[in-house]
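Asks: Counting the sequence shown from 1 gives a position; the working numbering is that position plus 7. Just so it is clear, CB atoms sit at the ideal spot from N, CA and C, and this is done for glycine as well.
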Amino acid sequence: MNKDSGIFSLKDKVIIVTGGTGRYGYHFCEALAEAGGTVILTSRDKKRAEKKVEALTEKGLKVFGYSLDLSQDDSIDEFVAKVIREHKKINVLINNARVIVPVPHYKMTRENFEESFATNIIGLMMLTRRVVEEMKKAGKGNIINISSIYGIVGQNLSIYADPEENISLDYPIQKGGMITYTKQLATVLGQHNIRANCLSLGGIEAPGLDPDFVERYSKRLPLGRMTKGEDVFGPIVFLASDSSAYMTGANLVVDGGWTAW
Numbered sequence: 008m009n010k011d012s013g014i015f016s017l018k019d020k021v022i023i024v025t026g027g028t029g030r031y032g033y034h035f036c037e038a039l040a041e042a043g044g045t046v047i048l049t050s051r052d053k054k055r056a057e058k059k060v061e062a063l064t065e066k067g068l069k070v071f072g073y074s075l076d077l078s079q080d081d082s083i084d085e086f087v088a089k090v091i092r093e094h095k096k097i098n099v100l101i102n103n104a105r106v107i108v109p110v111p112h113y114k115m116t117r118e119n120f121e122e123s124f125a126t127n128i129i130g131l132m133m134l135t136r137r138v139v140e141e142m143k144k145a146g147k148g149n150i151i152n153i154s155s156i157y158g159i160v161g162q163n164l165s166i167y168a169d170p171e172e173n174i175s176l177d178y179p180i181q182k183g184g185m186i187t188y189t190k191q192l193a194t195v196l197g198q199h200n201i202r203a204n205c206l207s208l209g210g211i212e213a214p215g216l217d218p219d220f221v222e223r224y225s226k227r228l229p230l231g232r233m234t235k236g237e238d239v240f241g242p243i244v245f246l247a248s249d250s251s252a253y254m255t256g257a258n259l260v261v262d263g264g265w266t267a268w
């Protein structure tokens, strides 16, 4: 993608991508940097972040790795202060990070649920509130929340070899909530020239996925295949750039047709 490609250009924009080492997060960082953005890739795992950043900077892209623990207010405050100190501004915030509590839903304790919500909802909101303070000072900003097909429809258990082990109760609440949270942000922040949109995605191909699962999932899709990394390049650049300047409060669904049935 041309870094100076008109309204799709992200030149001179500082963009935070939380969870930048994850399956979708890394592709977001790559696409945004290729469009000319200065990308702040965050992770709780500093070494993992450094490894991902190295792979992207070797391509000549402007990507910087930062440590961020969304479950800790001090970490959030220190992170935002460091970004402002080193990059002077925050143009775009992409709320992508989430933690997965590796416990079957029927065994999850109150503590397990609290651990999940501490990062995936409370941490997200605390970071957003802190970044919005900086965006208000600048008189503009752009927030993109990453949701999921399971924030829109119920879980299809037929794609899993062991359905009981894959039922999730916290994930759909969190992802569904992000869609309405986006709409609320749009209505209350529009007066400050701050936009908020949501990007809802389906399952993505990744190394290590069970081939039988991939086949079952793909058969469920009108397009007949899972998401590839490059499938999210256009949507994320569109939402982050001025090409979506009159768009706020929307939920852009990129799922191969999963929710069209």
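1. Thr49 to Gly26, Cα distance in whole Å?
2. Throw me the rounded Cβ distance for the Ile97 and Glu141 pair, which I believe falls under 8 Å.
3. What would DSSP say about Leu39, mapped onto helix, strand or coil?
4. Can you determine whether any heavy atom of the ligand NAP sits closer than 6 Å to the C-beta of Leu100, and answer yes or no?
5. For Leu134, which of helix, strand or coil comes out of DSSP?
6. Which ranges would you report for the beta strand (DSSP E) in the segment 208-261 if only whole runs of at least 3 residues count?
7. For Val138, does the count of other Cβ atoms within 10 angstroms reach 16, so buried, or fall short, so exposed?
8. Looking only at DSSP bridge pairs, what is Gly72 linked to?
9. So is Arg92 buried or exposed if we call it buried at 16+ other beta carbons inside 10 Å?
10. Residues bridged to Ile101 by DSSP?
11. Can you pull the DSSP bridge partners for Leu206?
12. Mapping DSSP to helix, strand and coil, what is Ile201?
13. What are the boundary residues of the alpha helix (DSSP H) that Tyr178 is part of?
14. Please classify Trp265: does DSSP put it in a helix, a strand, or coil?
15. Measure the alpha-carbon distance for Lys190 versus Gly256 and round it to whole angstroms.
16. State the Cα-Cα distance for the pair Pro229 and Lys53, rounded to the nearest angstrom.
17. Just the C-alpha distance for Trp265 and Gly183, rounded to the nearest angstrom, thanks.
18. Can you have a look at Ile107 and say buried or exposed, based on whether 16 or more other CB atoms are within 10 angstroms of its CB?
Replies: According to the structure shown:
1. 6 Å
2. 5 Å
3. helix
4. This structure lacks the ligand NAP, and indeed carries no ligand of any kind.
5. helix
6. 258-261
7. buried
8. Leu48
9. exposed
10. Val24, Ile151
11. Ile153, Leu259
12. strand
13. 177-196
14. helix
15. 4 Å
16. 39 Å
17. 16 Å
18. exposed
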